[in-house]
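Residue numbers (the working numbering): 104 to 288.
From the three backbone atoms N, C-alpha and C, an ideal C-beta is built for every residue, glycine too.
No experiment lies behind these values; they were computed from the predicted model shown.
Here is the structure we will look at.
Spelled out as structure tokens, the structure:
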């Protein structure tokens, strides 16, 4: 067996701690843990997941604690799994225990099932959010969305200094997609 690379993800830096995932992955044999901060509804801006996949060699494995740390979408989860297998590596999920190497149909069924569960969770979260917004409007509260955490002026300043989107994203610890959105606005 080759090396084990770990992958962790948290949705936001506010109130969530990546360190517990990193410690658990290290305890489970990951020699290095890649991690992203961002929601699981899209693979956009998941630079560390991409880096981990690029580093995989035949016989290696990418380890995640739960399927929703990889993706909350069936198609995205299966896409990542199949990209890993194309490198002749293995995707291992700790809980529930799933080892996907492209040869076991039950492992693929399990990934599909947990991808669907992730999609349902995402749907329920958005539905609760919509109900909360509607209730606030009925009470007369003003809803302006989540407060901005990214200063577009900082992004434009770094761009004017000649930095590309990837360098800006790394410097500000944000996703590349956020950089592109801010520049397009």
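Other residues of its chain near residue i: CB distance less than 7 Å, five sequence neighbours each side excluded
i	result
residue 269	279
Spatial neighbours of residue i in its chain, beta-carbon cut-off 6 Å, leaving aside the 5 residues before and after
i	result
residue 281	253
residue 146	179
Which of helix, strand or coil DSSP assigns to residue i
i	result
residue 242	coil
residue 226	helix
residue 167	strand
residue 258	helix
N- and C-terminal bounds of the beta strand (DSSP E) containing residue i
i	result
residue 107	107-113
residue 139	135-140
residue 156	Segment 150-158 is the alpha helix (DSSP H) holding residue 156; no beta strand (DSSP E) there.
residue 253	Premise fails: residue 253 is in no beta strand (DSSP E) and is neither H nor E.
Supposed close pair residue i, residue j - CB separation, criterion 8 Å
i	j	result
residue 218	residue 181	7 Å
residue 173	residue 183	6 Å
residue 222	residue 199	No, residue 222 and residue 199 are not in contact; Cβ-Cβ is about 17 Å, not under 8 Å.
residue 137	residue 154	6 Å
residue 261	residue 276	Incorrect: roughly 13 Å between the Cβ atoms, too far for contact.
residue 287	residue 255	The Cβ separation is near 10 Å, so there is no contact.
Bounding residues of the alpha helix (DSSP H) (the contiguous stretch that carries residue i)
i	result
residue 195	Premise fails: residue 195 lies in the beta strand (DSSP E), 193-196, not in any alpha helix (DSSP H).
residue 121	121-130
residue 277	It is not in any alpha helix (DSSP H) - residue 277 carries neither H nor E in the DSSP assignment.
Residues near residue i in its chain [Cβ-Cβ closer than 8 Å; skip 5 each side]
i	result
residue 272	148, 150, 278, 279, 281 and 282
residue 158	108
residue 129	109 and 136
Residue-chain proximity (residue i, chain C), Cβ-Cβ < 8 Å
i	result
residue 199	Of the protein chains in this structure there is only one, and it is not chain C.
Contact check, residue i vs residue j, beta carbons under 8 Å
i	j	result
residue 166	residue 108	yes
residue 160	residue 248	no
residue 224	residue 175	yes
residue 193	residue 211	no
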